[in-house]
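S.K.:
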Amino acid sequence: MRDEKLKLVIASGKGGVGKSMLSSALAMLFAKDFKIVAVDCDVDAPNLAIWLNEIENWNKVEKISVSEKPVINNSELTQKEAKFCVEKCKFNALEVKKGKLKLNPFLCEGCGACEIFCPSGAVKMKPVKNGEIKTKKTKYNFTLVSGQLYPGETGSGKMVTKIKWRAEKLKGKLMLIDSAPGTGCPVIASLQDANFAILVTEPTPSGFSDLKRVLEVVNHFKISWRLVINKWDINSPLSNKIEKWAGKKFLGKISYDKKIFKAIANLTPILETNLNVKKEIIQIFNKLKINFKC
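Numbering (our numbering), first residue to last: 11 to 304.
#1: In the DSSP output, what is VAL49 paired with across the bridge?
#2: Alpha carbon to alpha carbon, how far is LYS146 from ALA256?
#3: With which residues is GLU105 paired in a DSSP beta bridge?
#4: Taking only three categories from DSSP, how would you classify GLU72?
#5: State the start and end residues of the unbroken beta strand (DSSP E) segment that holds ALA207.
#6: Pull up the distance between the alpha-carbon of ALA273 and that of CYS99, whole angstroms please.
#7: Pick out whichever of LEU221, TRP61, ASN229 and ASN301 has its Cα sitting closest to the Cα of SER33.
#8: Report the rounded CA-to-CA distance for ILE46 versus THR164, giving the unit in angstroms.
#9: Which residue comes first and which comes last in the alpha helix (DSSP H) that contains LYS90?
#10: Smallest Cα separation from ASP203: which of LEU221, LEU87, PRO191 and VAL227?
#11: Buried or exposed for VAL71, going by 16 or more other Cβ atoms inside 10 Å?
#12: Which residue from ASN240, TRP235 and LYS254 puts its Cα closest to that of GLY205?
#13: Distance, Cα to Cα, SER156 vs LYS108?
#14: From the DSSP secondary-structure annotation, give me the bridge partner or partners of GLU77.
#15: Grouping DSSP H, G and I as helix and E and B as strand, with all else coil, what is SER265?
#16: When the Cβ atoms of the stretch 231-248 are set against those of the stretch 259-279, are three or more pairs found closer than 8 Å?
#17: In the DSSP assignment, find the unbroken alpha helix (DSSP H) run with SER22 in it and report its ends.
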């Protein structure tokens, strides 16, 4: 991490494995020695601000558009043409009611097929404000960028790309990206152009299986990665199996503690507690710095 700008993504194939908990703690630790930007790219359910107790007093909130929706002019349509438009919509978002073409916005994916197939002038695609990007300077001396799609809206991958563009404009040696779980569009957008990935899993069959799935995406982008096992002690045999499977890619493990839930319920960052998980994450951080040659 000498001169180049590092983009570090914390990802997981499965939700609820402690990804945002680890992201928040690593952001606080890195910020002690480096100028960083923390980016919450889980645009359907952003919670990095909660783990940092930074949910209020955003410096900037901007509504943006990452999708388009059709605007219908029924005066340009015959009933026969309207039925033809309905047939061409693969998402069943169009229907004819009382002789007029109607849109169900909750089913519409904004693909634009209706504008192409319907008679000229009958349907026009127009941008809709369907999300927002928030930015703030945290009390931990780093900037937090967070984005969220409004309920029922689409375009999560585009949203993540716009959030990263916004974060790129901020000065920082490290961009720490808290990705969405899974392997879908927001995860792909988070991993695109990243330098390094920390994959977080738990010792369950579904956790291990989903880890392998997200690793396919990581390998597709040829990103160096390391593995962290959270709640390792709920299933020691499987934890040992996963650790052996990871080999030299294994970065560390975090034990299960019910008091973590109490901490987050009280909006207390992990590094401001006396829990054992704090020591474990600091150990992971110290090992991580060796990988980066900080």
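Backbone N, C-alpha and C fix where the C-beta goes; we use that ideal spot for every residue, glycine too. Given the structure is predicted, the values throughout are model-derived calculations rather than measurements.
M.R.: Taking the definition as stated:
#1: For this step, residue 49 is matched to residue 39 along the sequence shown. Note: VAL49 sits in a beta bridge opposite VAL155 and ILE187.
#2: Residue 146 sits at position 136 when you count from the first residue of the sequence shown. Residue 256 sits at position 246 when you count from the first residue of the sequence shown. Whole-angstrom Cα-Cα distance: 37 Å.
#3: In the sequence shown, the residue the question calls residue 105 occupies position 95. In the DSSP assignment, GLU105 forms a beta bridge with LYS112.
#4: On the sequence shown, residue 72 is found 62 positions in, with the first residue counted as 1. In this structure, DSSP gives GLU72 an extended state, which the three-state scheme calls strand.
#5: The sequence position of residue 207 within the sequence shown is 197, counting from 1. Per DSSP, ALA207 belongs to the beta strand (DSSP E) from 206-211.
#6: Taking the sequence shown and counting its residues from 1, one reaches residue 273 at position 263. Taking the sequence shown and counting its residues from 1, one reaches residue 99 at position 89. Using only the alpha carbons, I get a separation of about 48 Å.
#7: Residue numbering aside, residue 33 sits at position 23 when the sequence shown is read from its first letter. With distances taken between Cα atoms, SER33 lies closest to TRP61.
#8: The residue labelled residue 46 in the question sits at position 36 within the sequence shown. The residue labelled residue 164 in the question sits at position 154 within the sequence shown. About 29 Å.
#9: For the purposes of this step, residue 90 is identified with residue 80 of the sequence shown, where counting begins at 1. That run of the alpha helix (DSSP H) goes 89-98.
#10: Here the question's residue 203 lines up with position 193 in the sequence shown. With distances taken between Cα atoms, ASP203 lies closest to VAL227.
#11: In the sequence shown, counting from the first residue as 1, residue 71 sits at position 61. Under this definition VAL71 is an exposed residue.
#12: To locate residue 205, count along the sequence shown from 1; it is residue 195. In the sequence under discussion, the amino acid at residue 205 is Asn, which differs from the Gly named in the question. The option with the nearest alpha carbon to ASN205 is TRP235.
#13: The residue labelled residue 156 in the question sits at position 146 within the sequence shown. The residue labelled residue 108 in the question sits at position 98 within the sequence shown. The straight-line gap from Cα to Cα measures roughly 43 Å.
#14: For the purposes of this step, residue 77 is taken as residue 67 along the sequence shown, with counting starting at 1. One detail in the question is off: residue 77 reads as Ser in this sequence, not Glu. SER77 pairs with VAL138.
#15: Within the sequence shown, numbered from 1, the residue matching residue 265 stands at position 255. In the structure shown, SER265 sits in coil (DSSP, three-state: anything other than H, G, I, E or B).
#16: yes
#17: One-based indexing of the sequence shown puts residue 22 at position 12. From DSSP, SER22 is part of no alpha helix (DSSP H) but of the beta strand (DSSP E) over 16-22.
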